[in-house]
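Heads up, the thing below is written out as structure tokens.
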Amino acid sequence: MLEAIRNAAQGIVGKAIMTVVMGLIIVSFVIWGVGDMLRGFTASTVASVGGAKISAQEYHVAYDRMIQQYQRRLRRPFTNEEARQIGLDRSVLQQLLSEAAVDEEARKLGLNLSDDALREIITSNPDFRDKSGAFDPARFADALRNMDLTERGFVSELRQQALRQFIVAALTTGIAAPKAEVTAEADYEGQTRSVDYFLLPAAAAGEIAAPSDEALKTFFNDRKSSYRAPEFRAMDVLALEPETIANPAEVSDADAEAAYAKIAGKDPRFGAPEKRDLQQILYPNEADASAAEAKLKAGASFDDLVKERGLKPEDTDLGETTKDAMLDKAEADAVFALPQGGVSEVLKSQFGPVIVRVKGITPSTMKPFAEVADEVKRQVSASRAGDKIQALHDKIEDLRVSGKSLIEAAKAVGLTGQSIDAVDAQGLDPKGAPVNLADKAELLRAAFASDVGLDEAPINTKDGGFVWFDITKVDPAHDLTFEEAKPEVEKQWRAEEVDKALAGKADDLVKQIKAGGSIADLAKSVGAEAKSAQDVHRAEQTSLPEAVVAAIFREPADGAGSSATPDGRVVFKITADKTPPVDFADARVKAMASQLDSATRESLLDQYVEALRRTLGVVVHPEVLQSAEGS
639 MLEAIRNAAQ
649 GIVGKAIMTV
659 VMGLIIVSFV
669 IWGVGDMLRG
679 FTASTVASVG
689 GAKISAQEYH
699 VAYDRMIQQY
709 QRRLRRPFTN
719 EEARQIGLDR
729 SVLQQLLSEA
739 AVDEEARKLG
749 LNLSDDALRE
759 IITSNPDFRD
769 KSGAFDPARF
779 ADALRNMDLT
789 ERGFVSELRQ
799 QALRQFIVAA
809 LTTGIAAPKA
819 EVTAEADYEG
829 QTRSVDYFLL
839 PAAAAGEIAA
849 PSDEALKTFF
859 NDRKSSYRAP
869 EFRAMDVLAL
879 EPETIANPAE
889 VSDADAEAAY
899 AKIAGKDPRF
909 GAPEKRDLQQ
919 ILYPNEADAS
929 AAEAKLKAGA
939 SFDDLVKERG
949 LKPEDTDLGE
959 TTKDAMLDKA
969 EADAVFALPQ
979 GGVSEVLKSQ
989 FGPVIVRVKG
999 ITPSTMKPFA
1009 EVADEVKRQV
1019 SASRAGDKIQ
1029 ALHDKIEDLR
1039 VSGKSLIEAA
1049 KAVGLTGQSI
1059 DAVDAQGLDP
1069 KGAPVNLADK
1079 AELLRAAFAS
1089 DVGLDEAPIN
1099 TKDGGFVWFD
1109 ITKVDPAHDL
1119 TFEEAKPEVE
1129 KQWRAEEVDK
1139 ALAGKADDLV
1149 KQIKAGGSIA
1159 DLAKSVGAEA
1169 KSAQDVHRAE
1179 QTSLPEAVVA
1189 AIFREPADGA
1199 GSSATPDGRV
1209 VFKITADKTP
1219 PVDFADARVK
1229 AMASQLDSAT
1239 RESLLDQYVE
1249 ALRRTLGVVV
1259 HPEVLQSAEG
1269 S
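Its first residue numbered 639, the sequence shown is counted upward by one per residue in this note's numbering.
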């Protein structure tokens, strides 16, 4: 076309016509403005860090990827508005700015990566290799399609990532948390306290006089915003899962026995596998472990080795474990071959060389096949239901397209739908009782993102099934009136009055304890039972409620106090406070130190990137950013 225009313009008539045309274009510029003619050709840089620029396209791709990740995670549409509400737009921009700052620094430092090195990185990636271990171009091409990248774009991104890693490695290699920090954290986590305590029951508050309506209304008005009825939704649900269409009669005894042999010991419905109560001594190196093993062979006992290491018996306890729960397979095989009381040779574990003793053995309690045959057959039948489920799925979809309701479609294929009158986002009905729903968490998340009349795609369940739903009614959340909330108001008012009364009595008892009173005597005086709790840790689950444990560690080492619980108020006296010396060879201390090391490196990297951004200078163009977001 351009060639034709050029030829036509060569003659006198052609030149005259082109003069008129160009004149009209110039006039249009004057009338409409150049800006309108060039609309859409605006600057395409969202932000820059020094000389590194982030294009609108680059930002849009990164932002869109994050949106898609949220959609896959939530299994529903995830809008721009929702993304902005949680700050996803700002998060993506900050990530790109940080990467651009490091890229600019890499450019200034003259860092580069050869094509051969990049080729080696790509071909050595296990995700791009076939079963024989050779690089598979087809897998590489599939991966590029899944990432929505060209080969050139992928190589460019990989080069940038590799150069960033060089800088990160140079900054963080060898960086570890200060030993003083590890020691302080280990002391904090290792500290234990023992207490004597008793429960002051709610009945100890005495008779609480019935409140007047005025008192309840005042209580209600002071907390009015907390009395709200949640949004409820009515919906029809149809679940199509392997268990729904399982037919045990189709499974032979031979197939069921073969399946039982595979799942025996792993499925709690068929009994519990063998457990072993273990003790373990961890050694810092092979030499020390071998020396200890030689002492065992010379007649020393496991307890002798424990004392020699300066450990207490409880320091070696691993507790009960099954064979499958042990991380190191070779260690598990060796330990579960020992008799009760048996001591192993030196074994390799993920934390270093160990010697293990079997304190006790709890035998397997597996049910015989004859007792569980029907359940095994049902499980096998359910695992074979894939083709049937897909066929039923297609029939249900066809029926829905033809105008059938979900309940009608279910009936037509021999299934039973479920009509829910009202359920809130937590899965409770208006009386607070849980509603039985298939794939409950995913279904509620999708249902409360939908609306009446919307034709939603079914939810894919983890076992290969489907769950359809139709929203039939929405009752919005609303503030409760005093009359609607009155039963709950009175309940909360009474609980608060009881707590006040108990707190007053507990304060008096604590004063008596601090003055030298005996926990046993004071417990007896209020009709309670005195108890003890030994070696209570801050973070570990104990027989004491979490709030009581927190209160115990807020008091001085020899202090006393009290804390509210659902059943009343616990009054306690601290009887012991211990912080064992830190053993840097201990597995838990090693794991904690590793976490602190990672946190230290991340903090250092954050400070480095922030300093780069300040030095290079950051410029953001809000108009281009909004356009790239699609807002």
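For glycine and all other residues, C-beta sits at the position ideal for the given N, C-alpha and C.
- Within the same chain, 766 come within 6 Å of residue 777 by CB-CB distance, once the 5 residues on both sides are set aside.
- For residue 707 and residue 1045, the gap between their C-alpha atoms comes out near 33 Å.
- Within a 10 Å sphere around the beta-carbon of residue 790 sit fewer than 16 other beta-carbons, which makes this residue exposed.
- With a beta-carbon spacing of about 5 Å, residue 894 and residue 1015 fall inside the 8 Å limit used to define contacts.
- Residue 1056: member of the beta strand (DSSP E) spanning 1056-1061, first to last residue.
- An exposed status is given to residue 1039, since fewer than 16 other beta-carbon atoms sit within 10 Å of its beta-carbon.
- The region 834-848 and the region 1107-1121 do not touch, with fewer than 3 CB-CB distances between them shorter than 8 Å.
- Secondary structure in the region 893-944: the alpha helix (DSSP H) runs of 4 residues or longer, each lying completely within the stretch, are 924-935 in chain order.
- The beta carbon of residue 1250 is closer than 6 Å to those of 739 and 743 in its chain, skipping five residues each way along the sequence.
- The way I'd put it, the region 822-836 does touch the region 1165-1177; three or more beta-carbon pairs between them come closer than 8 Å.
- Check the Cα spacing between residue 1127 and each of 758, 759, 851 and 985: the tightest is with 851.
- Residue 1232 and residue 1267 have their C-alpha atoms spaced approximately 39 Å apart.
- Non-local beta-carbon contacts of residue 1033 in its own chain, meaning distances under 6 Å to residues more than five positions away in sequence, involve 1051 in chain order.
- If you draw a straight line from the Cα of residue 1205 to the Cα of residue 1137, it is about 10 Å long.
- Under the 10 Å beta carbon count, residue 1077 is surrounded by 16 or more other beta carbons and is classified as buried.
- Using a 10 angstroms sphere on the CB of residue 879, the tally of other CB atoms reaches 16 or more, which defines it as buried.
- For residue 1157, the CB contacts under 6 Å within the same chain, skipping 5 residues up- and downstream, are 834, 1168 and 1211 in chain order.
- Here residue 824 has 1220, 1227 and 1230 as same chain residues with Cβ atoms under 7 Å from its own Cβ, once five neighbours each way along the sequence are excluded.
- Here the region 1004-1012 makes no contact with the region 974-988; the two share fewer than three CB pairs at distances below 8 Å.
- As a beta-bridge residue in DSSP terms, residue 866 pairs with 1117.
- Counting every other CB atom within 10 Å of its CB across the protein chains shown gives residue 1252 a total below 16, marking it as exposed.
- Between residue 1161 and residue 832 a beta carbon distance of about 17 Å is seen, past the 8 Å cut, so the two are scored as non-contacting.
- Fully contained in the region 1049-1106 are the following beta strand (DSSP E) runs of length 3 or more, in chain order: 1056-1061.
- From the listed residues 863, 1087 and 808, the smallest Cα separation to residue 717 is found for 1087.
- By the CB criterion at 8 Å, residue 1188 and residue 1215 fall outside the cutoff.
- In summary, residue 1123 is buried, with 16 or more beta-carbon neighbours lying within 10 Å of its beta-carbon over all protein chains present.
- About 6 Å separates the beta carbon of residue 1082 from that of residue 1063, a gap short enough to meet the 8 Å contact definition.
- Inside the region 822-857, DSSP marks whole beta strand (DSSP E) runs of 3 or more residues at positions 830-839, from first to last along the chain.
- Residue environment: residue 911 is assigned as buried (16 or more neighbouring CB atoms within 10 Å of its CB, all protein chains considered).
- The shortest C-alpha to C-alpha distance from residue 869 to any of 1245, 1059, 1155 and 1248 is the one to 1059.
- Burial of residue 1085 is indicated by the presence of at least 16 other C-beta atoms within 10 angstroms of its C-beta.
- Residue 731 places its beta carbon 8 Å or farther from that of residue 804.
- Following the DSSP letters along the chain, one finds residue 995 inside the beta strand (DSSP E) bounded by residues 990-1000.
- Here DSSP, grouped into helix, strand and coil, assigns residue 878 to strand.
- Minimum Cα-Cα distance from residue 922 among the listed residues 822, 1222, 1257 and 1049 corresponds to 1222.
- Per the DSSP secondary-structure output, residue 1211 pairs in a beta bridge with 834 and 1198.
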